[in-house]
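If you read the sequence shown in the working numbering, its first letter stands for residue -12, the second for the next number, and so on. Take a look at the structure set out below.
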Amino acid sequence: MFDGQAGRVTYDKKTLTYARKIFSQALADSERIDRAIRDAAAHWDFGRIGSIEKNILRAAIAELWFCPETPARVIIDEAVDLAKQYAGAEAGSFVNGVLDRVYKLTEQAGEQPPSTQTGHS
């Protein structure tokens, strides 16, 4: 699925490798990521969150959890920009709030996702 979509545009190998890592982690840890979205958006019905927003959140959370080389603020800002571009200004605010909460909850708990359990680092 990833390669079919990635083949539509030209990216350098490093960018494709990074994107594939995020995509793979988002799929491999989808239940935990969706649970984090539900927890962070407690006052929102998960089924009513738009698919664009959900997928931006899924990718950003996977990147937050499994790509420590990228600063959290950069990940969140890029996700907000994507949400604004593809789903509107209100979506940007929503994505910002959810990701900020997920980041803070993860930091407070001192948790790190089980990246070694999925075979990815």
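Cβ coordinates follow ideal geometry from the N, Cα and C atoms, glycine included.
Please identify the residue among the options whose C-alpha is closest to the C-alpha of residue i.
i, options, result
"residue 83", "56, 27, 19 and 1", "27"
"residue 55", "5, 30, -1 and 80", "5"
"residue 11", "53, 69 and 32", "53"
"residue 17", "37, 47 and 30", "47"
"residue 35", "89, 88, 78 and 94", "78"
"residue 81", "31, 58 and 2", "31"
"residue 58", "7, 90 and 95", "90"
"residue 42", "29, 14, 60 and 64", "14"
With a Cβ-Cβ cutoff of 9 Å, do residue i and residue j count as a contact?
i, j, result
"residue 86", "residue 66", "yes"
"residue 49", "residue 9", "yes"
"residue 51", "residue 62", "yes"
"residue 70", "residue 20", "no"
"residue 76", "residue 37", "no"
Assuming residue i is part of the alpha helix (DSSP H), what are its boundary residues?
i, result
"residue 27", "17 to 27"
"residue 53", "38 to 53"
"residue 60", "59 to 74"
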